[in-house]
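Below is one structure, written out as structure tokens; the observations come after it.
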Amino acid sequence: MKLLFKNARIIDVKSPYNGQELDILVNDEQIEAIGNLKTEQADGVIDLKGCWLTTGLAELHSDLGEPGNEESEDLVSGSAAAASGGFTAVGVVSNGYPHYESKTGIEFILNKSESLPIHLVPVGTLSKGRKGEELSEMFEMNQLGAHLFGDYKQGVSNANLLKLGLLYTKPFGRVMVHPENHELSANGKMHEGATSTYIGLKGIPVVSESTQIQRDLSILEYTEGAMHIASVSTVEGVECIREAKSKGLNVTASVNIHHLIFTDEDLENYNTALKVSPPIRTDVERSILWEAVLDGTIDCIAVDHLPKDIEQKQCEFDNAEFGMAGLEGAVSALLDRYEVSEELLQEKLSTVPRSLLNLPDLTIQEGATAEFTIIASGSEQITAMGSKAFNNPFKGLDVNNFIKGVYVKGNYLSLHA
5 MKLLFKNARI IDVKSPYNGQ ELDILVNDEQ IEAIGNLKTE QADGVIDLKG CWLTTGLAEL
65 HSDLGEPGNE ESEDLVSGSA AAASGGFTAV GVVSNGYPHY ESKTGIEFIL NKSESLPIHL
125 VPVGTLSKGR KGEELSEMFE MNQLGAHLFG DYKQGVSNAN LLKLGLLYTK PFGRVMVHPE
185 NHELSANGKM HEGATSTYIG LKGIPVVSES TQIQRDLSIL EYTEGAMHIA SVSTVEGVEC
245 IREAKSKGLN VTASVNIHHL IFTDEDLENY NTALKVSPPI RTDVERSILW EAVLDGTIDC
305 IAVDHLPKDI EQKQCEFDNA EFGMAGLEGA VSALLDRYEV SEELLQEKLS TVPRSLLNLP
365 DLTIQEGATA EFTIIASGSE QITAMGSKAF NNPFKGLDVN NFIKGVYVKG NYLSLHA
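Residue numbers (our numbering): 5 to 421.
Structure, rendered in structure tokens:
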């Protein structure tokens with residue numbers, strides 16, 4: 005089926021059409037023509053006047069529930085949430101059981117992905133069972149397409165295992181680490197500071213992140229491997245990464261959207277949807293994190309979708325589980341909070357995460373793969389209808405920029421006419 009997208013403002017720094025308002029004719033999964041085109045050429049027409057059209061957004065690390073946590077999310081609901089949130093590809097982390105620790109786990113995701121509306125990319129575990137004791141079967145997983153390996157929210161306490169993982173993956177992959185020293189953050193519920201003292205919750209200190217990043221980067225320097233530091237949330241963490249990059253280390257880093265939107269003061273009403281790891285920190289951290297995005301210290305922006313059901317979140321704050329759902333709404337909230345340039349949007353939410361997931365680069369030119377995200381301007385309220393998750397703090401927010409739809413796998417998916 006041929007679809008004609010009329011009057012789209014093309015956002016793609018790799019395309020000769022960048023910044024121009026043109027029509028795009030797609031035929032199944034390929035861009036057939038770009039220009040001032042006639043509607044008779046297509047089976048359907050979608051007017052995108054006033055909209056941005058950029059290469060498909062990619063989410064680097066999210067939990068989609070399967071296997072093991074289907075009551076909170078599954079691959080079908082998670083994929084629907086991702087599509088409505090503007091993502092055409094998602095890096096799926098292992099957070100349930102069985103883990104993605106061998107080729108069987110990778111095959112599970114890839115086989116399921118074939119029938120889903122977007123692309124799912126498995127992120128393999130670093131260790132078997134995410135226990136930090138023995139390396140997983142990373143080479144076998146890489147043969148099937150896994151490129152990132154990490155134990156998700158488990159900071160690697162076993163320094164020797166991290167060393168071995170970095171050495172082992174040098175020829176084919178990258179180790180993704182969670183910046184948390186669990187001994188230092190033990191029993192903490194939110195950022196340690198004035199707000200945690202005021203509302204009477206045990207805090208998680210900045211040092212729990214900074215010491216872990218320092219140690220991980222020291223091991224990276226020794227091994228000369230490749231590392232991605234996910235979920236950076238502190239000024240000290242940013243400074244460590246900036247210094248490591250100046251020394252030429254092969255390190256990339258990402259920040260979660262919720263760390264760019266909220267501050268610890270938003271937890272004064274004990275909103276369990278904002279209980280996350282690493283914790284949401286102060287306005288100072290939020291500002292420095294955004295500056296790090298702008299200057300390139302932070303390579304990309306992630307959602308870190310971690311869905312929970314009502315029983316896991318509608319309870320006392322101390323007893324609530326960590327995690328925030330955000331595939332639906334996070335990007336819209338980001339665009340509403342900051343003046344995000346068109347080029348920055350593509351780089352941080354499409355080009356870089358796709359590269360880290362080892363996905364083919366996308367461009368908007370004739371003959372290229374047709375896979376893009378469409379962003380519209382105008383007053384809109386964020387809805388969250390695809391996900392099963394109870395813990396989405398973006399739901400109901402009024403924004404002035406929103407996801408209109410995505411085109412992926414030969415299909416146009418949209419909540420809007």
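All C-beta atoms in this analysis are idealised placements derived from N, C-alpha and C, irrespective of residue type, glycine included.
Predicted model only: the values in this text are computed from it and were never measured.
- Between Val259 and Ile302 the beta-carbon gap is near 5 Å, inside 8 Å, which marks them as a contact.
- Between Leu139 and Met231, the CB-CB gap reaches or exceeds 8 Å.
- If you look at Gln147, you'll find it in the alpha helix (DSSP H) that goes 142-147.
- Between His186 and the set Gln216, Phe176, Lys392, the nearest pair of CA atoms involves Gln216.
- Annotated as distal: His263 and Arg246, with beta-carbon spacing of 8 Å or more.
- The beta carbon of Asn191 sits closer than 6 Å to the beta carbons of Lys206 from its chain, once the five residues preceding and following it are set aside; these are given in chain order.
- For Arg13, the enclosing beta strand (DSSP E) stretches over residues 6-15.
- When Gly82, Gly100, Thr286, Lys193 are compared, the shortest CA-CA separation from Val94 is found for Gly82.
- At a Cβ-Cβ threshold of 8 Å, Gly154 and Leu188 do not count as neighbours.
- A distance below 8 Å separates the beta carbons of Glu105 and Lys132.
- Per the coordinates, the alpha-carbon of Tyr411 lies some 43 Å from the alpha-carbon of Glu196.
- Beta-bridge annotation (DSSP): Tyr411 is paired with Phe376, Tyr416.
- Cα atoms of Ser383 and Leu68: separation of roughly 29 Å, rounded to the nearest angstrom.
- Minimum Cα-Cα distance from Ile265 among the listed residues Glu243, Ala257, Ala306 corresponds to Ala306.
- With 16 or more other Cβ atoms inside 10 Å of its own Cβ, Gly90 counts as buried.
- DSSP lists Leu139 as the beta-bridge partner residues of Ser131.
- Between Phe9 and Leu57, the beta carbon gap of about 7 Å places them in contact (Cβ cut-off 8 Å).
- For a cut-off of 8 Å, the C-beta gap from Phe326 to Val280 is around 6 Å, short enough to register as a contact.
- Excluding its 5 nearest sequence neighbours in each direction, Gly39 has C-beta neighbours in its own chain below 8 Å: Leu26, Asp27, listed in chain order.
- Unbroken alpha helix (DSSP H) stretches of 4 residues or longer found wholly inside the stretch 344-397: 346-350, 356-360, given in chain order.
- Where Thr227 is concerned, the enclosing alpha helix (DSSP H) starts and stops at 211-227.
- In this structure, Leu152 keeps its C-beta atom at 8 Å or more from the C-beta atom of Leu114.
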